[in-house]
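See structure below.
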Amino acid sequence: LLPPVTVTVTGAAGQIGYASLFRIANGDMLGKNQPVRLRLLEIPQARQAAEGTAMELADGAFPLLESVDVFDDAAQAFDGTGFGLLIGSKPRQKGMERGDLLEANAGIFSVQGAALNEAAADDVRIVVVGNPANTNALIASSHAPDIPSERFTAMTRLDHNRALAQIAHATGSPVGDVERMTIWGNHSATQVPDLDQVTIAGRPVRDVLSERGLGEEWVRTSFIPTVAQRGAEIIAVRGGSSVASAAHAALDHVHDWVLGTPDGDWTSMAVVSDGSYGVDEGLISSFPVTCRSGEYEINHGVDLSEDARRRLESSVSELREERDTIRAKGLL
Ligand code: NDP
């Protein structure tokens, strides 16, 4: 067994937190040879519920789970943490403008960024799940000057996984055969699911799609909107938001970051832009990334179609607007 690492989960008593914690304790995120110490962060009103989750975690008798502690103070919750899953955030309430939502979350993520800066382990890795995830990650990063900005990421893996599932379904292929998918931009309705590089068991996806009579029309009117609006569809059908698939995607995100992407394939993560693909340097935007030995790299070799480039530009404008709204309020 490896030496234990500390994992902090925020919004731990929430739905996605509940769906994540037991699987982290089971080794599904960091591997079956990696013991974990869990630290759960909740707001004071939800602290008791998190204590209940901690009791259930104990009752799981997970061999890899060394300890579980519950906090309502960010600095304590992030003490020594190697992995931060920032899931809790303020949901949009009736009548709330987008700017209000950004501001409410800026209050949370600036405090958490500062606490991470103070207390986390030197090699901490952070994934933000709570929406608006990209900008929340940017805010946290800007309040953590001692943590390299590359360590702050946001989750677009659920969009990525949804896109893989749509392609597998449309082509009648096992999902494991679908590779080289990319989600670009913001985790919002402007996201850009891009199948141009996708291969299915090594064959170009367009060849496989055209054998089934599916062409550009299907990509534009079915594939892209289905991926972007899948969350709303789940709510309509299930009567509740996508929780287990979101938790699973968060685990996938960290798993691949630490344990690597398969040879020849990549994944999608929202990470700080180095200015490539026309995304302003410093914004947190989704890119194709390759992970190896605990580090990720933006894949610079992808050809963007004109259409994808145009869509990405509008997603980047949205990210820019979110950043500017927060900046204008003096929160960045
Ligand atoms: P969930 O656990 O269902 O969701 C948590 C966050 O994940 C939300 O921001 C949600 O965004 C986001 N999310 C990202 N991807 C998805 C997806 N595919 N489907 C659904 N949600 C997604 O929320 P709960 O309300 O159950 O739990 C939130 C917890 O956070 C509560 O226990 C609360 O006490 C805590 N909290 C903590 C705060 C803090 O740390 N200071 C502040 C506020 C709340 P979206 O809203 O867009 O659905």
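Numbering (the UniProt record's numbering), first residue to last: 8 to 339.
Even glycine gets a Cβ: it sits at the ideal position worked out from N, Cα and C.
Here the structure is a predicted model, which is why all the values come from computation and not from measurement.
query: With C-beta atoms as the reference, is Phe78 less than 8 Å away from Leu47?; result: yes
query: Rounded to the nearest angstrom, what separates Leu165 and Val16 at their Cα positions?; result: 18 Å
query: So if DSSP puts Thr206 in a beta bridge, which residue, or which two residues, is it bridged to?; result: Glu186 and Pro211
query: Per DSSP, which one or two residues make a beta bridge with Tyr284?; result: In DSSP, Tyr284 forms no bridge with anything.
query: Let me check one thing: in DSSP terms, what residues is Glu302 bridge-paired to?; result: Arg299
query: CB of Ser248 to nearest heavy atom of the ligand SAM: below 7 Å?; result: Ligands in the displayed structure: the ligand NDP; the ligand SAM is not one of them.
query: How is the beta strand (DSSP E) around residue 3 delimited, first residue to last?; result: Residue 3 is absent from the structure shown; the chain starts at 8 and stops at 339.
query: Is it buried or exposed, Gly38, if we count other Cβ atoms within 10 angstroms and call 16 or more buried?; result: exposed
query: How about the stretch 166-183 and the stretch 141-153: do they share at least three Cβ pairs that are nearer than 8 Å?; result: no
query: Can you check whether the CB of Val323 is closer than 8 Å to the CB of Gln204?; result: no
query: Need the endpoints of the beta strand (DSSP E) that Ile133 sits in, please.; result: Arg132 to Val135
query: Could you spell out the range, first to last residue, of the beta strand (DSSP E) harbouring Leu92?; result: Phe90 to Leu93
query: Please determine if the stretch 55-74 and the stretch 89-104 are in contact, where contact requires at least 3 C-beta pairs separated by less than 8 Å.; result: no
query: Tell me whether Leu165 counts as near the ligand NDP, meaning its Cβ is closer than 7 Å to at least one heavy atom of that ligand.; result: yes
query: Bridge partners for Ser293 per DSSP, in chain order?; result: Gly192 and Ala277
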